[in-house]
Each structure stands twice: as C-alpha cells, then as structure tokens.
Amino acid sequence: MSVSLYYCASRTAPLTDAETAAVERIVAAHRASFPYEDQESLYLYDSDDSRPDEVVAGSTKMPFDPDMVLPVLDHVLGSVSELRRALPGAEWRVHMDDLDVPWGEAEGYAFPGMRDPDLATELGGL
2 MSVSLYYCAS
12 RTAPLTDAET
22 AAVERIVAAH
32 RASFPYEDQE
42 SLYLYDSDDS
52 RPDEVVAGST
62 KMPFDPDMVL
72 PVLDHVLGSV
82 SELRRALPGA
92 EWRVHMDDLD
102 VPWGEAEGYA
112 FPGMRDPDLA
122 TELGGL
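Oh and the sequence shown: position 57 is 58 in the numbering used here, straight run, nothing missing.
The following block contains the structure:
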C-alpha cells in the first residue's frame, strides 16, 4: 500500500497570466533541483472542468524506502509552499492521505520536527 501527498488550491478567480507563469516557473525549478531520479516528484494535474474553483492540484507518491521519505517530502513541501505564496487568495489543502500538513508562515508546509537538524542527522542526513 502506498502513501501519497495531495495538494490543491481553490478560489473563485482563475489564475492570471502572471500567476500561471509563476506556477510554471516554480514547477520547472522544482524539477530541475529534485535530486532523486528514481522517486516521484511534484506533479500537477491537468485542469479539470468538473472543479472550476480548483486552480492548482496535484499529488506525489511517497517512496517505499523509509530513508527517502523525509528528503522527498521536504523537497516537495518546499515547492508546494512556494506555490501557495505565489497564489494569494487561494484556499489550500495539503494532506498525506487523511493527515493534514500544517502551514506556518515562516516554514511553509511541514510536519512538526521534520526539518530538525538533529533528526536529519539521526536518520542519516537529508
């Protein structure tokens, strides 16, 4: 059984041209910097007319290798945090299956302690 991270943003106003360009820039930068060739990365779905208020949505399947979960999760959540900051006025939902990922203005999306350097060292580094 796999675990996935899901992310979506909704609002009544569609993306502006500038916001669309920002989303494309963030996705391209994420893909260029994602160092885990054999892992799933940030993935945005194509637009779906059945949900007209949904301006961005996607998912990422988490690795089966426990040593890779935190590094992949950290990288993807960093990109989702950038997306959120680029789309003002959108209501976001970011969750790993049934567990919501908390948002903090300073840190963005992160689970408590996941960016703790001592934890990273204990787990073999991020």
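All C-beta atoms in this analysis are idealised placements derived from N, C-alpha and C, irrespective of residue type, glycine included.
Worksheet entry | Outcome for G109 when other beta-carbon atoms lying within 10 angstroms are tallied against a minimum of 16 | buried
Checking the sheet assignment: what are the DSSP bridge partners for E92? S11
- prompt: Can you find a heavy atom of the ligand NAD that lies under 6 Å from the Cβ of P72?
  reply: The ligand NAD is not among the ligands present in this structure, which contains no ligands whatsoever.
In whole angstroms, what is the alpha-carbon distance linking G105 and L43? 20 Å
Discussion item. Only counting the same chain, and skipping five residues up and downstream in sequence, which positions put a Cβ closer than 6 Å to that of L16?
Written reply: V56
Spatial neighbours of L127 within its chain, please: C-beta separation below 7 Å, excluding the five flanking residues on both sides.
For L127, the predicted structure reports a pLDDT of 48, less than 50, and the residue's modelled location is therefore unreliable. The matter cannot be settled from this model.
Going along the chain, which residues of its own chain have a beta-carbon closer than 7 Å to the beta-carbon of S80, five neighbours each way excluded?
I27, H31 and L43
**OP:** Assuming S11 and A91 form a contact by the criterion Cβ under 8 Å, report the distance between their Cβ atoms to the nearest whole angstrom.
**Re:** 6 Å
request  = Mind checking which residues open and close the beta strand (DSSP E) that includes G114?
outcome  = Note, G114: premise wrong, no beta strand (DSSP E); not H, not E.
- Query: Rounded to a whole number of angstroms, what is the C-alpha to C-alpha distance between L100 and E20?
  - Reply: One C-alpha to the other measures close to 28 Å.
Q. Apart from the five residues on each side of it in sequence, which residues of its chain come closer than 6 Å, Cβ to Cβ, to A58?
A. C9 and Y46
Query raised in the report: By Cβ distance, which residues of its chain are closer than 6 Å to S3, with the 5 residues on each side in sequence left out?
Result: K62
Quiz prompt | Pair within 7 Å by beta-carbon distance, D39 and T13 | solution = no
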